[in-house]
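Data first, discussion second: the structure below is written as structure tokens.
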Amino acid sequence: MTGLFIVLEGIDGSGTSTQADRLKDYWLSRGEKAILSPEPSSGPIGNLIREILKQRVFLTADSQKFDEQMAYLFAADRHDHLYNDIDGVFPLKAAGVHVISTRYYFSSLAYNCTTPTEFEFVRCLNARFPNPDVVIYIDIPVEVSLRRLAERSVKDIYETREKLIRVSQNYQTIFANYSGLLLAIDGTQSKDRVFQEIVQFINTIGEKVPSKD
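Quick note on numbering: the numbering used here labels position 44 of the sequence shown as 1127, and the sequence is numbered without any gaps.
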């Protein structure tokens, strides 16, 4: 049986990592193979991106050039994440493993675009990447995000009010026009309620999910 490729999206602090981990444990408890494989990936380009986001590697002070450079890096990392022979998404899917990723090309469109021109640039960079089997979008207000982020000891370069407002607006536009399988959830609910909705949706679609590989 081919595994599923599940992507969780949302602004920082929305709980995607928590729910991804719970979904992995749920599948494992049922005797199914599952793995967490977030973006940026654990590959060489993904590790560089993480260092940049923590501001340990400096690219440029020009915000427009920075977003363009990050869009290129994320696209390169995404290709490696999907197709590398060691732990790529599609080789794992073919082996019957469910792959759960926090963030995919939707994040590039949400985080690296300010204008329609930039959106088209990032869209073209990611145009050949296939849709995941399911997208789970956990939606929270920016104020909730900021409250949750204030509790973290380490923050990245994207965690500002201005940036999060724009990212949230971009997500709304992206998913209003998305034609793939999508579950949008109110992330202000309890963690248990959010997880219950995810599991119900996954179990409902079951074998009806089309393979994208």
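Where a beta carbon is used, it is the ideal one built from N, C-alpha and C, also for glycine.
Near the ligand MN: residue i beta-carbon under 7 Å from a heavy atom
{"i": "Asp1275", "result": "By its list of ligands, the structure shown contains no ligand whatsoever, and the ligand MN lies outside what it can speak to."}
Identity of the residue in the options nearest residue i by Cα
{"i": "Leu1156", "options": "Asn1209, Thr1243, Ser1184, Ala1177", "result": "Asn1209"}
{"i": "Lys1274", "options": "Ser1097, Gly1093, Glu1092", "result": "Ser1097"}
{"i": "Phe1258", "options": "Glu1242, Thr1287, Tyr1188", "result": "Tyr1188"}
{"i": "Ser1190", "options": "Asp1170, Asp1168, Asp1150", "result": "Asp1150"}
Alpha carbon of residue i to alpha carbon of residue j, nearest angstrom
{"i": "Thr1101", "j": "Glu1201", "result": "31 Å"}
{"i": "His1164", "j": "Glu1122", "result": "8 Å"}
{"i": "Pro1196", "j": "Tyr1109", "result": "Position check: residue 1196 holds Cys in this sequence, whereas Pro was assumed. For Cys1196 and Tyr1109, the distance between alpha carbons rounds to 35 Å."}
{"i": "Ser1120", "j": "Phe1204", "result": "26 Å"}
{"i": "Glu1234", "j": "Gln1255", "result": "26 Å"}
{"i": "Asp1222", "j": "Gly1114", "result": "30 Å"}
{"i": "Tyr1166", "j": "Glu1242", "result": "30 Å"}
{"i": "Pro1293", "j": "Val1172", "result": "Low local confidence applies: a pLDDT of 48 at Pro1293 is under 50, so the model's placement there is unreliable, and no value is given."}
{"i": "Pro1199", "j": "Pro1215", "result": "24 Å"}
{"i": "His1162", "j": "Arg1211", "result": "10 Å"}
{"i": "Thr1271", "j": "Gly1126", "result": "33 Å"}
Start-to-end residues for the beta strand (DSSP E) that takes in residue i
{"i": "Asp1269", "result": "1265-1269"}
{"i": "Glu1092", "result": "1088-1092"}
{"i": "Tyr1220", "result": "1217-1222"}
Check whether residue i and residue j have beta carbons under 8 Å apart
{"i": "Leu1247", "j": "Ser1262", "result": "no"}
{"i": "Leu1111", "j": "Ile1089", "result": "no"}
{"i": "Gly1129", "j": "Asp1160", "result": "yes"}
{"i": "Val1282", "j": "Leu1087", "result": "no"}
{"i": "Leu1175", "j": "Val1182", "result": "yes"}
{"i": "Leu1298", "j": "Tyr1194", "result": "No answer is possible for residue 1298: it lies beyond the span of the chain, which begins at 1084 and ends at 1296."}
{"i": "Ile1094", "j": "Val1250", "result": "yes"}
{"i": "Thr1099", "j": "Leu1091", "result": "yes"}
Endpoints, alpha helix (DSSP H) assigned at residue i
{"i": "Val1250", "result": "1244-1259"}
Test: residue i CB closer than 8 Å to a CB of chain D
{"i": "Phe1204", "result": "This model lacks chain D altogether; it includes just one protein chain."}
At what residue ranges does the stretch 1098-1133 contain a whole run of the alpha helix (DSSP H), taking only runs of 4 or more?
-> 1099-1112
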